[in-house]
Every structure is written in structure tokens, then in C-alpha cells.
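Trainee: A single structure is presented below for examination.
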Amino acid sequence: MRWRAGEIVEDIDESQLADRLRVGRAGQQTWVLARGGAGKSRLVDSVQSGSCDRVATVRMDAALDFRPKAELATAKRPALAAVVAEKMDITGESDIIELLQDTLGDQPWLILVDGTDELTAAERRMLDKDLAWLSRQRITQPHVVRFERPGFSDATRSQLPDAIVELPELSCEVVDAALARKFAAEGAHLAARAFLVKFGLDRKRATDKTCRYVHMATWRDVETVSDLAADAAKAMDEPPSVPNRSEIYATWLGHRLSGIAPSADAASRWLDRMVAVGVQEASEPDLLLTLDRCSTVATPGAAPHSEACAALMKSAAVKSGPSSTSWILRNQTLMDLLLARWLVNKHEDCALLSAATADVASLELTAMVFGQTVGRRCLVPIVAAVCSRGTPAEQIGKFVDEALARDAEFVELIDRAKERAQTACEREVFAAVGAGGAAR
């Protein structure tokens, strides 16, 4: 992984990362950026286990821990303080800062925040406000480490990081070895490689010095593409001839729901209807899939509601939610797909869609938006909006690259985008994407 702090750029390993975070100065912030499915949560585990016996460490999940407390926060007990108190088993009605001071004394401490990109824009602002509040208190300040997916250098954040750590995408060598293990039999391996070639899933990044596959950047991507190759051997529906990232995951989702829905598109539209129930005016939808929602929307096939909903609950597409009658999609990438579809259905106007997309905290979600027909039509204004938030063009270009199918219209699309680009950031993005080559 790569450590960036001011002018210092170094490659470090997990143990070195844990050491640096543990001895970081009080009041510092470090951001650890990793794509969904790249091993970010495992890295949080590693940092926590390497630190907790040497320095007081508070770990919180942004969505599971901070969000519920945000709904009950008060001026005297902000959500962040409530989470810290709960995690450190601090009880009492006294002032929360006094309680923290009594518990911590002068010892250094760490706050590890996992998944800040999964918060809504309003929740992220509340977290930043709480961090700013904590920094003003007369106690030993923590070293705050935020683990999130690549997103935006947002000027509204209360504090920019003192250091940024980036987990790299997988190299071709690592992916090839994983595929060889996955398809151990020679015939199966040859068939899987032929599948990758047929659908352009072996396309490589044109702008990286290290060989990397565009559509197999993470362990989750490798598993998803491997599943699709295995599905092809079972004569299941094939993805589009030159799929983008959105279509790859939508095809995988459709295959997991093939016993309920007649096609991948029908499966996605079924989930769209569940999300749309009661959230038409929300800035961001509740992606919890509940039995009530499932039973009120039209099923995608001929099965009655009870059978369709039961099959959804048992499918590999979802995992258990907070109650026995709720589920969530099994990973954040699938949630991105659902949220992207919701965004383009809500905002068909490019100005509105670009504003809404620029406010999300993950370029992976932005890539899913580009993968939709409306998102592709609004390519230039969305890239302009993302550039305006300070996101590096190099980062944006990688996600645009995987979001756009290399179909017959690709060259014309990028040529028009280059003509309409108005800033250096936009021009750099489209130049990098264009360097990736035309249709296969």
C-alpha cells in the first residue's frame, strides 16, 4: 500500500501501517482509501489487533454505530461522543468530556472509523462537525483514521488528512493466479479464459505502469467475474457483448435471482420497485429490503408474492438485515448499483443528476451512474461536477474507464466529451479514458 504525507510518498506493509497509526500525533487524521472488495475491512481488523494492546482504540462502523446515534444526538452529547462512550464502556450522567478525561487521562488513543463513504451527505457533515467539536475539547486528542472508498477531496470536511494511505488495485499476476486456483481443471481454466476474452473482461488499464485488469481490480471483482464464467458453463444468460461495470454486476445479480426473475433486467427492476416504495422525496433512499416492501410490489415473474419474497430471502444476492423480515444486498457494490439506478430514475435532467452524483462520497457509485443510459448521456456535466470537488483527474479517469462499455459508440462519445471539456481536470480525464482504446 502507498503512504502519502506531504511530500513523502512510500510503499509500506500492514505492520508498518499499524505502527504509524499507533504513534501518530494527537489530533491528526489519516484516510485509508480502498475500493469495495479490496480487503478494507480486513485491514481495519489488522490495524485494530495491532494497536489495541498498546494504545486505547475505539473502532466504529459508520453505518451501524454512528448513524443510529446521529438520530438521537444532542448538543451536549454529539453522536461521536455517544459512540465513543459506548465502545469504552463509559457510563454516567456527567459531562461526556469529563467522563472521557477520567477514563483516558493523558494516554494517546485511536478512533478507527470504517465506511464513512456509506453515510449520507448529511450524516458525513454531522460526523465532520462532531470531529471538529471533539478537537475543541480540553482532552488528549485522538488520532482519527477514516477507512473509506476512493471519493472526493471535499472542501466541506472539517479537517483535511495529514496522511493518505491507498490500497492498490490487484495486479494482472495476482488475478491470473487467483483464476488458476479458482478453475483448477485445465478445461475449466481454458473455458474461463475464453469467456474473459469473449466479453472483454481481460482488458487492461492503459495508463498504469503495472499490468492491471480494468474489470478485475479487487477480490470482489475477481469473484464476480469468476462466477459469471462458471454460470456461462451452465448455459445461463450471457452479459452484454462489451459490458461495463454496472452490467457485470447486474448480470451477476440476475443470475442469483434467476429462479424468481426471467432476466437480469427484470430482477433489477423488481428491486428498483422495492426501493421506490415510500422514498420518492428522499435525498437518498433506504436500501433495506423488507418483507413489507417485497409483498407490496409486483413480482418479476409468475410466482406469488410469498414464494418470490421467500426466494429472495434465501438467495445469494442478499444477507440478513437488522430484523428477521429484512435483508440488504450482500455487498456495497450491489448497493451502488441499486442506488445508481435510483438516482437516474429520479434525475433524468443532466444538471440535477450531476449535482446529485457530485454529492455522493464514492467514485465507485459514480461509475455505476455512468453505466446507466442517462448517466452516459450526462457524462460531461457529471465529470465536471466531480472535478469541481477537487477529486484528482487520475482517480476519476480510472472509474470512468470501467464505467463505459467499449461499444461502437465509444470513440464518438469520448471525442464529443473532449470537445466539451472546459477544465484541465476534465480534459485529463477524457484523454486518459480515450487512451484505453476503442471498441473490441
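So for the sequence shown, my numbering puts the first residue at 35; every next one is plus one. Backbone N, C-alpha and C fix where the C-beta goes; we use that ideal spot for every residue, glycine too. It should be emphasised that the depicted structure is a prediction, and the values quoted were computed from it without experimental measurement.
(1) Rounded to whole angstroms, what's the CA-CA distance from Glu462 to Arg410? Just pull it up for me.
(2) Residues in its own chain within less than 6 Å of Ile430 by CB, not counting five upstream and five downstream?
(3) Rounded to whole angstroms, what's the CA-CA distance from Trp167 to Leu373? Just pull it up for me.
(4) Residues in the same chain with beta-carbon distance under 7 Å from Ala469, minus the five sequence neighbours each way, listed in chain order, please.
(5) According to the Cβ coordinates, are Ala342 and Thr330 closer than 8 Å?
(6) Going by CA-CA distance only, name the one from Leu322, Gly70, Val78, Glu398 that's closest to Thr64.
(7) Exposed or buried, which one is Asp236 when buried takes at least 16 other CB atoms within 10 Å?
(8) Taking only three categories from DSSP, how would you classify Asp148?
(9) Could you name each continuous beta strand (DSSP E) segment of 3 residues or more that falls completely within the segment 100-154, going from the start of the chain to the end?
(10) Look at the alpha carbon of Asp196 and the alpha carbon of Ala68, and state the distance between them as a whole number of angstroms.
(11) Since Arg93 and Leu134 should fall inside the 8 Å C-beta cutoff, what is the C-beta to C-beta distance between them, to a whole number of angstroms?
(12) For Trp167, which three-state DSSP category applies?
(13) Is the CB of Ser128 under 8 Å away from at least one CB in chain B?
(14) Curious, which full-length beta strand (DSSP E) runs of at least 3 residues does the segment 332-416 contain?
(15) What is the rounded straight-line gap between the Cα of Tyr283 and the Cα of Met250?
(16) Residue range of the beta strand (DSSP E) that Gln63 falls in?
(17) Less than 8 Å between C-beta atoms, sequence neighbours within five positions excluded: which residues of the same chain meet that for Cys328?
(18) Quick one: what's Leu323 bridged to in DSSP?
(19) Measure the beta-carbon distance from Met35 to Leu201 and round it to whole angstroms, keeping in mind my assumption that it falls under 8 Å.
(20) Distance check for Arg159 and Ala298, CA to CA, integer angstroms please.
(21) Between Arg254 and the rest of its own chain, which residues show a CB-CB distance below 8 Å, the 5 nearest in sequence each way excluded?
(22) With distance defined between alpha-carbon atoms, name the residue in Gln62, Val81, Ala455, Trp37 nearest to Ser49.
Mentor: Taking the coordinates as given:
(1) 18 Å
(2) Val420, Val463
(3) 31 Å
(4) Ala240, Thr241
(5) Result no, Cβ atoms of Ala342 and Thr330 do not sit closer than 8 Å.
(6) Val78
(7) So Asp236 counts as buried.
(8) Strand at Asp148.
(9) 143-148
(10) 17 Å
(11) That pair is no contact at about 16 Å.
(12) If DSSP states are grouped into helix, strand and coil, Trp167 belongs with the helices.
(13) Protein chain content of the structure displayed is limited to a single chain, and chain B is not contained in it.
(14) Counting only runs of 3+ residues, the beta strand (DSSP E) found wholly inside the segment 332-416 occupies 352-354, 360-363, in chain order.
(15) 12 Å
(16) Residues 63-67.
(17) For Cys328, same chain residues with a beta-carbon under 8 Å away, outside a window of 5 residues either side, are Met308, His339, Ala342, Cys343, Leu346 in chain order.
(18) Trp361
(19) About 5 Å; that satisfies the 8 Å criterion.
(20) 36 Å
(21) Around Arg254: Gly70, Gly71, Ala72, Asn365, Thr367.
(22) Val81
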